[in-house]
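Before any comments, here is the structure.
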Amino acid sequence: MNTWRNELRRFLLILAAALVFGLLVGEISFVLLIALAGYSGYNLLQLRRLTQWVAKDSHKSDTQPPESTGTWGSIFDSIYRLQKQERLASDYLKNILDKAQESSAALEMAVVMINKQGTLDWWNRATEDLLGIRYPNDRNQAVTNLIRDPRFADYFHKEKYSQTLRIEAPGVSGRTLEFQITLFGEHEKLMLVRDVTQLHRLESMRRDFVGNVSHELGTPITVIKGYLETIADNLDSFDSRWHKPIEQMRSQSQRMENIVRDLLVLSSIETRAAPRAQEKIDLGELAQEIKGHTQEIMAEKQHNFSINCPNEIILLGQRSELYSALSNLVINAAKYTPAGGMIELRAALDSTGVKIEVEDNGLGIESHHIPRLTERFYRVDPSRSAESGGTGLGLAIVKHILARHDSELEVKSTPRKGSVFGCHIPRERVLD
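When the letters of the sequence shown are read in order and numbered with UniProt numbering, they come out as residues 1 to 432.
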């Protein structure tokens, strides 16, 4: 501010001096014109020096500013300081970018930046090995043209990135890749790809092992259970001290049979691809069947069971699987809701699909348990689950069935007030 005041004072002094001199020589107008021309010429000269200095590409070098005084000296110094700050910031940003690129180059995971048009902007070295993408030939190419798999195209365009996608590597048999996409900026995407071949192989071995063991255990458990039931029917012929052990053995054999059955169901869902043929499912009719079945097996609790489901909702999917998933949720609600409690199965249709929920006013679940509910054999309260006859596999089955129907399990719960278990079936699976 002081610089401009000084410049104004200098300008006024020049005018005053010119005016006095003009009065002395009797040529006020001529002298004022010469003074203004001289002042303007000085400013034009300084402006020329400024443009010449800037033209030297001074922002990339350390060229000192021209020497000057007053306002122009202040302008030169200010521009020089700004350029110096810009250089420092630019160098700092370049170092960060260089380190980021060096770090990403060291990763075994592919990192790909995709712009809002869906074409490739940048990728690291691992991308070339995992996806066969080459620089610069594939830059600005559509990612769906380079990864030609219908499942990837569907995953990419639907933009439901809460889950990962596993497919075979393009052009490489026996290699499994896992894709995860994150949105950022103005609808740009960051895609991470990792080789999960070994993990996929181990998971396949685990599924096969569980399936085979469950199958092999089925027959001996059935035989043991059959003999124990026969013995239990003739308890009077045994000493009274054997009554309780026999009943406990019969109960545990039944529990083992239930676990084996659920393991076989889970193994079948995991290893068998979802059928291409879709069935038409009347959701209202399905809800009534589930209600009747639950009331039959939980008759002693006398729950207040209600259904709020429009009859006209028709879904596309596997009826037996959806029945299994929803009945699991309803039976769970019945198990953990005290006698006479409320259970509601409801569905609502909107522009994005169908929201299905099972609500109860039972025991509720602490929030820290909710993320782990779909893990196999995870129990909120082991003693309570054992008493209810649960296997710890029901919600794992529900999770896999819903995934096969393009949905996922959603849980809201308040301890001692109740829970809401639900899912959202997308619009593509709803018949108009």
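Just so it is clear, CB atoms sit at the ideal spot from N, CA and C, and this is done for glycine as well.
Practice problem: Tell me, to the nearest whole angstrom, how far the beta carbon of E321 is from that of I401; I am working on the premise that it is less than 8 Å. | Solution: That belief holds up - the Cβ atoms of E321 and I401 are roughly 5 Å apart, short of 8 Å.
Quiz item: What are the residues that DSSP puts in a beta bridge with V143?
Solution: For V143, which the question treats as bridged, DSSP gives no partner whatsoever.
Quiz item: Near I290, which residues of its chain fall below 8 Å by C-beta distance, leaving aside the five closest residues on each side in sequence?
Solution: Listed in chain order, the non-local C-beta contacts of I290 below 8 Å within the same chain comprise Y323, L326, S327, V330, L345, local neighbours out to five positions each way being set aside.
Self-check item: 3 or more residues per run - each beta strand (DSSP E) lying fully within the stretch 138 to 213
Solution: Taking only runs of at least 3 residues, the beta strand (DSSP E) segments lying wholly in the stretch 138 to 213 are 165 to 168, 176 to 184, 188 to 195.
Quiz item: Are there 16 or more other CB atoms within 10 angstroms of the CB of P65, so buried, or fewer, so exposed?
Solution: Burial state of P65 is buried, judged by a 10 Å Cβ sphere holding 16 or more other Cβ atoms.
Exercise. Would you decide whether I96 is buried or exposed? Buried here means 16 or more other CB atoms lie within 10 Å of its CB.
Key: With fewer than 16 Cβ atoms within 10 Å of its Cβ, I96 is classed as exposed.
Practice problem: Closer than 6 Å by C-beta to M298: which residues in its own chain qualify, once you throw out the five before and the five after it? Chain order, please. | Solution: The residues are A334.
Quiz item: Does DSSP put P245 in a helix, in a strand, or in coil?
Solution: In the displayed model, P245 falls within a helix according to three-state DSSP.
Self-check item: Cβ separation of V196 and L177, assumed to be a contact under 8 Å, to the nearest whole Å
Solution: At roughly 7 Å, the Cβ-Cβ gap stays under 8 Å, so V196 and L177 are in contact.
Practice problem: Using the Cα positions of T352 and V411, report the straight-line distance between them to the nearest angstrom. | Solution: Computed Cα separation, rounded: 19 Å.
Quiz prompt | Residue of W53, K160, S162, R166 minimising C-alpha distance to I147 | solution = In terms of CA proximity to I147, R166 leads the group W53, K160, S162, R166.
Self-check item: Buried versus exposed call for K399 [16 or more other C-beta atoms within 10 Å across all chains shown]
Solution: Around the beta carbon of K399, a 10 Å sphere encloses 16 or more other beta carbons of the protein chains shown; the residue is thus reported as buried.
Self-check item: For V111, the first and last residue of its enclosing beta strand (DSSP E)
Solution: V111 -> beta strand (DSSP E) spans 110 to 114.
Exercise. With a floor of 4 residues, list each alpha helix (DSSP H) that falls wholly inside the stretch 365 to 411, ordered by position along the chain.
Key: Those alpha helix (DSSP H) runs which fall completely within the stretch 365 to 411 and span 4+ residues are 382 to 388, 394 to 404.
Practice problem: Would you please state the rounded distance, in angstroms, between the beta carbons of G341 and G362? I believe it to be under 8 Å. | Solution: Yes, they are in contact, since the Cβ atoms of G341 and G362 sit about 6 Å apart, within 8 Å.
Self-check item: Entirely enclosed beta strand (DSSP E) segments - the stretch 329 to 357, minimum 3 residues
Solution: If we require 3 residues or more, the beta strand (DSSP E) runs fully inside the stretch 329 to 357 come out as 342 to 350.
Practice problem: Please confirm whether A396 and T374 have their CB atoms less than 8 Å apart. | Solution: Yes, these two residues count as a Cβ contact at 8 Å.
Self-check item: Anticipated Cβ contact below 8 Å, K225 with E247, distance rounded
Solution: Not a contact, Cβ separation roughly 13 Å.
Quiz item: Should G132 and P170 be called a contact, given that it needs their Cβ atoms to be closer than 8 Å?
Solution: Taking 8 Å as the Cβ cut-off, G132 and P170 qualify as a contacting pair.
Self-check item: Chain-order list of residues whose beta-carbon lies under 7 Å from that of S253 (same chain, five-residue window excluded)
Solution: Counting only residues of its own chain and dropping the five nearest sequence neighbours on each side, S253 has a CB closer than 7 Å to the CB of I221, I224, K225, L228.
Exercise. Give the range of the alpha helix (DSSP H) segment to which E128 is assigned.
Key: E128 -> alpha helix (DSSP H) spans 125 to 131.
Exercise. Would you decide whether G185 is buried or exposed? Buried here means 16 or more other CB atoms lie within 10 Å of its CB.
Key: It counts as exposed.
Quiz prompt | Outcome for N332 when other beta-carbon atoms lying within 10 angstroms are tallied against a minimum of 16 | solution = By the neighbour-count rule (16 or more Cβ atoms within 10 Å), N332 is buried.
Quiz item: Roughly how many angstroms lie between the CA atoms of R134 and L120, to the nearest whole one?
Solution: It is roughly 11 Å from the alpha-carbon of R134 to the alpha-carbon of L120.
Quiz item: If you draw a straight line from the C-alpha of E300 to the C-alpha of K158, how long is it?
Solution: As the crow flies, the alpha-carbon of E300 is around 46 Å from that of K158.
Quiz item: Given 8 Å as the limit, is there contact between the stretch 261 to 277 and the stretch 200 to 213, that is, 3 or more CB pairs closer than that?
Solution: Verdict: yes, contact present.
Exercise. Look up L217 in the DSSP assignment and say whether it is helix, strand or coil.
Key: L217 falls in the helix class under three-state DSSP.
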